[in-house]
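**Q**
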Amino acid sequence: MTAVSAELTCPMAAKARSAGGCWTCRLRRKKCDEGHPICGICAGLEIECLYSDTKPDWMDGAEKQKEKAGHVKAQVKAQAKHHARVRGEKHTLQTQESQGDHAASDDAVATPPSTGGPASSSGASTSNGTPYGSGTDSWMPDTAMTGLTPDSLFGLTLGANSFAAMGTSTSSTASMPNESEFSLIMLYLDYLFPFLNPFYTPRLLDGGRGWLLVVLMRNKALFHTALSLATYVFSVALYHDEGSPQQCKNHSSEELPKQQELSMRELQADIQELNRRGVKGYMKESTQVMSSIVQLLLFEVAVGNTGNWQIHLDASSALFEQIMEHHGSTEDGFPCWHLLLIHLGNGATTRTLLTQNIPWNADQASLRYFTASILFFDVLSATALEQPPRLQKYHQHLLTTPEHSCVEDDTHLPSHPHLDMAEFFGLENWIILSISSIAVLDAWKKDMMRSNSLSMAQLVTRASSIELGLRSRIPTLDQSPSRPPPDALDPLLESCRRRLAATAAASTRAATARVWAYAALTYLAVVVNGWQPRGAEIRESVALTLSTLRDLPSPASLRTVVWPLCVTGCVAGEEERDSIREMVAAMGPVKAFGTMTEAMAIMEALWADGGGMGDGAGGWDVAACLRSLGHPALLI
Numbered sequence: 001m002t003a004v005s006a007e008l009t010c011p012m013a014a015k016a017r018s019a020g021g022c023w024t025c026r027l028r029r030k031k032c033d034e035g036h037p038i039c040g041i042c043a044g045l046e047i048e049c050l051y052s053d054t055k056p057d058w059m060d061g062a063e064k065q066k067e068k069a070g071h072v073k074a075q076v077k078a079q080a081k082h083h084a085r086v087r088g089e090k091h092t093l094q095t096q097e098s099q100g101d102h103a104a105s106d107d108a109v110a111t112p113p114s115t116g117g118p119a120s121s122s123g124a125s126t127s128n129g130t131p132y133g134s135g136t137d138s139w140m141p142d143t144a145m146t147g148l149t150p151d152s153l154f155g156l157t158l159g160a161n162s163f164a165a166m167g168t169s170t171s172s173t174a175s176m177p178n179e180s181e182f183s184l185i186m187l188y189l190d191y192l193f194p195f196l197n198p199f200y201t202p203r204l205l206d207g208g209r210g211w212l213l214v215v216l217m218r219n220k221a222l223f224h225t226a227l228s229l230a231t232y233v234f235s236v237a238l239y240h241d242e243g244s245p246q247q248c249k250n251h252s253s254e255e256l257p258k259q260q261e262l263s264m265r266e267l268q269a270d271i272q273e274l275n276r277r278g279v280k281g282y283m284k285e286s287t288q289v290m291s292s293i294v295q296l297l298l299f300e301v302a303v304g305n306t307g308n309w310q311i312h313l314d315a316s317s318a319l320f321e322q323i324m325e326h327h328g329s330t331e332d333g334f335p336c337w338h339l340l341l342i343h344l345g346n347g348a349t350t351r352t353l354l355t356q357n358i359p360w361n362a363d364q365a366s367l368r369y370f371t372a373s374i375l376f377f378d379v380l381s382a383t384a385l386e387q388p389p390r391l392q393k394y395h396q397h398l399l400t401t402p403e404h405s406c407v408e409d410d411t412h413l414p415s416h417p418h419l420d421m422a423e424f425f426g427l428e429n430w431i432i433l434s435i436s437s438i439a440v441l442d443a444w445k446k447d448m449m450r451s452n453s454l455s456m457a458q459l460v461t462r463a464s465s466i467e468l469g470l471r472s473r474i475p476t477l478d479q480s481p482s483r484p485p486p487d488a489l490d491p492l493l494e495s496c497r498r499r500l501a502a503t504a505a506a507s508t509r510a511a512t513a514r515v516w517a518y519a520a521l522t523y524l525a526v527v528v529n530g531w532q533p534r535g536a537e538i539r540e541s542v543a544l545t546l547s548t549l550r551d552l553p554s555p556a557s558l559r560t561v562v563w564p565l566c567v568t569g570c571v572a573g574e575e576e577r578d579s580i581r582e583m584v585a586a587m588g589p590v591k592a593f594g595t596m597t598e599a600m601a602i603m604e605a606l607w608a609d610g611g612g613m614g615d616g617a618g619g620w621d622v623a624a625c626l627r628s629l630g631h632p633a634l635l636i
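Going letter by letter, the sequence shown gives residues 1 to 636 in the UniProt record's numbering.
#1: Helix, strand or coil: how does DSSP classify Pro388 here?
#2: Looking only at C-alpha atoms, which of Arg390, Leu546 and Thr287 sits nearest to Leu344?
#3: What residue from Ser253, Met264 and Leu385 has the CA that sits closest to Gln310's CA?
#4: Report the rounded CA-to-CA distance for Glu574 versus His416, giving the unit in angstroms.
#5: From Glu285, Gln364 and Lys258, pick the residue whose C-alpha is nearest to that of Arg209; which is it?
#6: Drop a sphere of 10 angstroms on the beta-carbon of His240, count the other beta-carbons inside from all chains shown, and report buried for 16 or more, exposed for fewer.
#7: Can you tell me whether DSSP reads Val329 as helix, strand or coil?
#8: Look at the alpha carbon of Asp314 and the alpha carbon of Gly243, and state the distance between them as a whole number of angstroms.
#9: Decide yes or no for the touch test of the segment 453-467 against the segment 419-427: beta carbon pairs closer than 8 Å, at least 3 of them.
#10: Three-state secondary structure (DSSP) at Pro359?
#11: Excluding the 5 residues flanking Leu398 on each side, which residues of the same chain have their C-beta closer than 8 Å to its C-beta?
#12: Any contact of the segment 252-267 with the segment 213-224, i.e. 3+ C-beta pairs under 8 Å?
#13: Would Leu565 and Ala599 be called neighbours here (beta carbons separated by less than 8 Å)?
#14: Are Thr225 and Phe320 close, meaning C-beta to C-beta below 8 Å?
#15: For Pro589, is the classification buried or exposed, using 16 other Cβ atoms within 10 angstroms of its Cβ as the cut-off for buried?
#16: At the 8 Å Cβ level, is Asn308 part of the contact set with chain C, yes or no?
#17: Can you look up Pro335 in the DSSP assignment and give me helix, strand or coil?
#18: Note down the Cα distance separating Ala623 from Asp190, rounded to an integer number of angstroms.
#19: Does the distance from the CB of His326 to the CB of Leu340 come in under 8 Å?
#20: Within this structure, are the beta carbons of Leu192 and Ala237 separated by less than 8 Å?
#21: Below 8 Å on the Cβ atoms is my guess for Ile438 versus Leu524; work out the distance and round it to an integer in Å.
#22: For Val527, which residues of its own chain have a beta-carbon under 8 Å away from its beta-carbon, when the five flanking residues on both sides are left out?
#23: Quick one: what does DSSP say Asp551 is sitting in, helix, strand or coil?
#24: Going by beta carbon distance, what residues of the same chain come within less than 7 Å of Gln387, once the five residues before and after it are set aside?
#25: Is it a yes or a no for the segment 508-517 touching the segment 549-562, going by three-plus beta-carbon pairs under 8 Å?
#26: For Met59, which three-state DSSP category applies?
#27: How about Leu470 and Ala517: do their beta carbons lie closer than 8 Å?
#28: Inspect the beta-carbon positions of Ile47 and Val72 and report whether they are closer than 8 Å.
#29: Under the three-state reduction of DSSP, which class applies to Asn250: helix, strand or coil?
#30: Sort Tyr282, Gly307 and Tyr200 by Cα distance to Gly506 and report the nearest one.
#31: In whole angstroms, give me the CA-to-CA distance for Asn250 and Ile323.
#32: Is it buried or exposed for Ala302, if we count other Cβ within 10 angstroms and need 16 for buried?
#33: With a 10 Å radius around its C-beta and 16 neighbouring C-beta atoms as the bar for buried, classify Met456 as buried or exposed.
#34: Closest to residue 716 by CA distance: which of Gly619, Val561, Val233 and Ala269 is it?
#35: State the Cα-Cα distance for the pair Val571 and Trp531, rounded to the nearest angstrom.
#36: From Thr560 to Tyr282, what does the alpha carbon distance come to, in whole angstroms?
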C-alpha cells in the first residue's frame, strides 16, 4: 500500500539491500525493508512504491532513469517542505508528552511531534472501531495509552482483540463526540456529501445513504476526515459572512488542524496494524482502511490540495488489488465480486446482485461506493499519467455484464454490471470504459513511437472501434437514462429528492453524460491525429460539448464536468474561451471547492502560451495539458 502521509511514518528496521526491494528504493540506491504492499521507506517519504516482476521502462540506466530520479527527489523535497510548514503552525493539540523537532532532508521526511496522553486531545485510539460505543465505559481511555512514549505511539501494535473488533461498538477512546462534532457530522451528511455526490441518490429499497452514518461511527479515521471537511467548509462560510463573530471564526480555524491530526493518527494506526497482520485474514478491516484512504484523497482534492492525490490513489488501488486477490478471487484466480459481498454480508439475507430487492448492509454499500470511486479516479488519472489505468484488469468483471457466474450457484448470474457508475457519478459505464480505452491507446501509441514501430493502420483501427461505440451510444442517453426501477414510495419522496438533489434529475444526468462523451471524442481525436485544434473532428466535438454545457441547470453543475471542460477548453478557439471563463465565473465561490480552479489554471496557462491553436505546436496533447502545472492533475 502506498503511503498516505508522512504523518503515517512508522520506524522500520533496516535491512540489507536485496533483489526483492522495491524499484523506487533501487532507483534511489537505498536499502529497502521490502514491506508490502509498500515499504516503510517510501511510506515515510510519501512517494510511489513500485513492486513488479518486470523492470519499469524508466529504469534504463540512461536519460529516463535520470529524469525519474530527479522527479522522485523533487517529490521528497516538496513533502519535506510541506510538513516542515505544518509543524511550524501554531495550532497544536494539548499533550502529555511531546517529541523533539526532527530535521527533514532530501532523503527523509521527519516524523511529526507525536503525543501520548488522553486520546481526547490527540492520541489515536487503541482500537479501530466506532468513535463511540454503547457501553458506559466505551469512551474511557484504554490503559495501554497511558504508558505510550512518543516512539512507541508511532510503532503502536494493537492487540488481537482490539483489531478484530474494528467495526464493532467495543472501541475505547477518550470522550463522546461533543455537540460541535455532532453538528459538523450533520453538516457533512446533509450538505457536503450530497453536494460532492449529486447523482448518488440510492433507492429506499437499497438502504438509502444510511450506510454512510454507520461507517462514520465505526471508522474513526473516516469520521475525523469527514469532520475536517465539514470544518473547512464551515470556516469558509464564516469567513465570507461579515456578521459572524471573530471568536467563532477563530474557533473554527483552530478546529481544522485538530481534526486533521486526529484523522491522520487514526489512519496511521490502522495502516500499521494492517501491515503487521496482512490483508488475507482481515477483509472487513482492509476495506475500512481502503475507504479511509479514498476519503482522505477526496478531502485533499476538495480543499484544493492537489499535490498528494497520486500517493493516496496508489495506496487505495494497491489495497483494493490485495483485497480482490485474497477475498475476491476464485480458485482459478479469476475476480469474483460476489465473494466480497458474501464475506461482508448478513448470512441468509446477504444481497449479492444489483437487481435484488434486499438493502445493502453498511459494509457492502461502503465497499461499492469507494470501489466505484477508485475505478473512476483511476481512469481519469490515466489520462494525465500517460499509462493504462492500473485497475483496468477489473473493468470487464465489474463494469460489464458478466457472461457467467463466478460462483457455483447459477442464480448468482448477474443481468447487470456489478457496479453501475451512473448510480454514483451520473455516467454510464460505457463512457468511462471508452475514456479508459483511449488512455490505453494513448499509452500504446507513445510506446510504439518511442520504439519507432507505430502502425498507423493499427492505430486507426483501434480508434475507429472506440469512436463507433461512442457515437452509436450518445443518442441513447436521452432515451433511457440508466436508473434502477423506482421504489414504491418514490412518488411520495420525489419532491424531497428534487429539493435535496436537483442536479440528479434525469435531464441533468443525460446532459452531464453527453458532455463527458463529447469530450471523450475530443480526447480520441487528439490521440489519433495529434494536436490539431482547428481540425474538423475537434471543432465539431468542442462545439457540441460547449452547447451541452449550457444545458446544465446551474453553474454549480460544472463541478461534475471538470475533466471534460478542461479537455474541451484546451483545444477551444479564441472566440470560445470567454464563454468558458464566463461559465466558470458564474459558479461564484463554489468554484474554489474542488478542482475547477486547477482546471482553469491549466487552460489559462495554455491559452497564454499560444499552444491552444497551434496545430502540432509544442508537443501538446491532453496528457501534456493535464501535466502543464508541474504535476499530473486529477480533475474530479
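Backbone N, C-alpha and C define an ideal beta-carbon position, used for all residues, glycine too.
**A** Judging by the given coordinates:
#1: Translated into the one-based positions of the sequence shown, residue 388 becomes position 388. The answer is coil: DSSP assigns Pro388 none of H, G, I, E or B.
#2: Residue mapping note: residue 344 aligns to position 344 of the sequence shown, counting from 1. Checking every option, the nearest Cα to that of Leu344 belongs to Thr287.
#3: What you label residue 310 is simply residue 310 of the sequence shown in a count that begins at 1. Closest option to Gln310, Cα to Cα, is Leu385.
#4: Here residue 574 refers to the residue found at position 574 of the sequence shown. Here residue 416 refers to the residue found at position 416 of the sequence shown. Near 44 Å, if we compare the C-alpha coordinates of His416 and Glu574.
#5: Residue 209 sits at position 209 when you count from the first residue of the sequence shown. Answer by Cα proximity: Gln364.
#6: Locating residue 240 in the sequence shown gives position 240, counting from the first residue. Under this definition His240 is an exposed residue.
#7: As a working note, residue 329 is residue 329 in the sequence shown. Looking at the sequence shown, residue 329 is not Val but Ser. Note: Ser329 maps to strand in three-state DSSP.
#8: Mapped onto the sequence shown, residue 314 falls at position 314. Mapped onto the sequence shown, residue 243 falls at position 243. Cα to Cα, the separation comes out at about 43 Å.
#9: no
#10: Residue 359 sits at position 359 when you count from the first residue of the sequence shown. In this structure, Pro359 counts as coil in the three-state DSSP scheme.
#11: By one-based count along the sequence shown, residue 398 stands at place 398. Here the set comprises Pro335, Trp337, Thr371, Leu375, Pro417, His418 and Leu419.
#12: yes
#13: For the purposes of this step, residue 565 is taken as the residue at position 565 of the sequence shown. For the purposes of this step, residue 599 is taken as the residue at position 599 of the sequence shown. Taking 8 Å as the Cβ cut-off, Leu565 and Ala599 qualify as a contacting pair.
#14: Locating residue 225 in the sequence shown gives position 225, counting from the first residue. Locating residue 320 in the sequence shown gives position 320, counting from the first residue. No, they are not a contact pair.
#15: Position 589 of the sequence shown, counted from the start, is the residue given in the question as residue 589. The residue is exposed, with fewer than 16 neighbouring Cβ atoms inside 10 Å.
#16: The displayed structure is made up of one protein chain only, and chain C is not part of it.
#17: Walking along the sequence shown from the start, residue 335 turns up at place 335. Correct three-state label for Pro335: strand.
#18: In the sequence shown, counting from the first residue as 1, residue 623 sits at position 623. In the sequence shown, counting from the first residue as 1, residue 190 sits at position 190. If I take the Cα positions, the gap works out to 36 Å.
#19: Position 326 of the sequence shown, counting from 1, holds the residue named residue 326. Position 340 of the sequence shown, counting from 1, holds the residue named residue 340. Against a cut-off of 8 Å, the Cβ pair of Leu340 and His326 comes out as no contact.
#20: The residue you call residue 192 lines up with position 192 of the sequence shown. The residue you call residue 237 lines up with position 237 of the sequence shown. Taking 8 Å as the Cβ cut-off, Leu192 and Ala237 do not qualify as a contacting pair.
#21: Counting from one through the sequence shown, the residue named residue 438 turns up at place 438. Counting from one through the sequence shown, the residue named residue 524 turns up at place 524. Going by Cβ atoms, the distance from Ile438 to Leu524 rounds to 5 Å, so yes, they are a contact pair.
#22: Along the sequence shown, read from residue 1 onward, the residue named residue 527 stands at position 527. For Val527, where only same-chain residues beyond five positions count, the Cβ hits under 8 Å are Ile438, Leu441, Asp442, Lys445, Ala463, Asp621 and Val622.
#23: The count along the sequence shown starts at 1 and reaches residue 551 at position 551. Three-state DSSP puts Asp551 in coil, outside helix and strand.
#24: Residue 387 sits at position 387 when you count from the first residue of the sequence shown. Taken in chain order, the residues that qualify are Ala443.
#25: yes
#26: Position 59 of the sequence shown holds residue 59. Coil.
#27: Reading the sequence shown from its first residue, position 470 is the one you call residue 470. Reading the sequence shown from its first residue, position 517 is the one you call residue 517. It is a contact, given that the beta carbons lie within the stated cut-off.
#28: Here residue 47 refers to the residue found at position 47 of the sequence shown. Here residue 72 refers to the residue found at position 72 of the sequence shown. Cβ distance < 8 Å, so Ile47 and Val72 count as in contact.
#29: In the sequence shown, the residue the question calls residue 250 occupies position 250. Correct three-state label for Asn250: helix.
#30: For the purposes of this step, residue 506 is taken as the residue at position 506 of the sequence shown. Sequence inspection shows Ala at residue 506; the Gly mentioned does not correspond to that position. Per the Cα distances, Tyr200.
#31: As a working note, residue 250 is residue 250 in the sequence shown. As a working note, residue 323 is residue 323 in the sequence shown. So the two alpha carbons sit approximately 43 Å from each other.
#32: Within the sequence shown, numbered from 1, the residue matching residue 302 stands at position 302. Classification of Ala302: buried, given that the 10 Å Cβ count is 16 or more.
#33: Mapped onto the sequence shown, residue 456 falls at position 456. Exposed, since its Cβ has fewer than 16 Cβ neighbours within 10 Å.
#34: One cannot answer for residue 716 here, as it falls past the ends of the chain, which runs 1 to 636.
#35: Sequence index remark: in the sequence shown, residue 571 carries index 571 (1-based). Sequence index remark: in the sequence shown, residue 531 carries index 531 (1-based). Distance between the alpha carbons of Val571 and Trp531: 8 Å.
#36: In the sequence shown, counting from the first residue as 1, residue 560 sits at position 560. In the sequence shown, counting from the first residue as 1, residue 282 sits at position 282. Using only the alpha carbons, I get a separation of about 35 Å.
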